[in-house]
Structure formats: C-alpha cells, structure tokens
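What follows is a set of notes on a single structure, which appears directly below.
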Amino acid sequence: MQFENVSKALLKELLSKGYNILTSNNMLSSDIVYWYPEKVEDVQQYIETNANEEPTLLVIQDALENIREQDLVGLVFVS
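Position in the sequence shown (first residue = 1) + 1 = the working numbering.
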C-alpha cells in the first residue's frame, strides 16, 4: 500500500478495477491532496447524498475526459 501521483494512466487502471470516484478530506487548495479510490453504485446519487460531507470529490471518468494531465493534482492511495 502506497500513494502514487495522480495520472491519466493511474485513473484508467483504477477505472478498470471498478473504482469510479476519488474522495479526499483535503481541499484542492491544500499543499498536497490525498485521494482515496472508491467504488459507488450510483455516482450521481453519491454526490447528492454526500455533498456536505466530502470536501473534495473527483469522478474518474470525468477527469479522464475533461482534465488535462498537467492539471491533475495529488496523491492516490493504491494497494
């Protein structure tokens, strides 16, 4: 178990393993953002249900489609 830099390759790997979101207790403005991959059944419902609990959420598919590699920030916990 370790942390790896967020990258499109890592996001694709996580997606292939069934993970579809990354959550963090850090804000994007933090010096370092620590992400934790999760598998949720319904992403939209998860977002609506947890809107006030998780300060930072990244939908993996959206990140792959809409965020440039150089704009991905943080470290992802991988096992």
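Glycine included, each C-beta is placed from N, C-alpha and C at the ideal position.
Model, not experiment: these values are computed from the prediction.
Our contact map puts residue i next to residue j with C-beta atoms below 8 Å; I'd like the distance itself, whole angstroms only.
i, j, result
"V77", "L23", "6 Å"
"Y35", "G75", "7 Å"
"V7", "L73", "4 Å"
Give the straight-line distance between the Cα atoms of residue i and residue j, rounded to the nearest whole angstrom.
i, j, result
"N67", "V79", "23 Å"
"K9", "V60", "12 Å"
"E70", "L12", "11 Å"
"I33", "T57", "13 Å"
"A45", "L29", "In the sequence under discussion, the amino acid at residue 45 is Gln, which differs from the Ala named in the question. Cα-Cα distance, rounded: 21 Å."
Taking residue i as the reference, which of the options has the closest Cα?
i, options, result
"Y20", "T57, D43, A52 and E70", "D43"
"N51", "N26, G75, Q71 and V34", "N26"
"E14", "M2, S31, P38 and E54", "P38"
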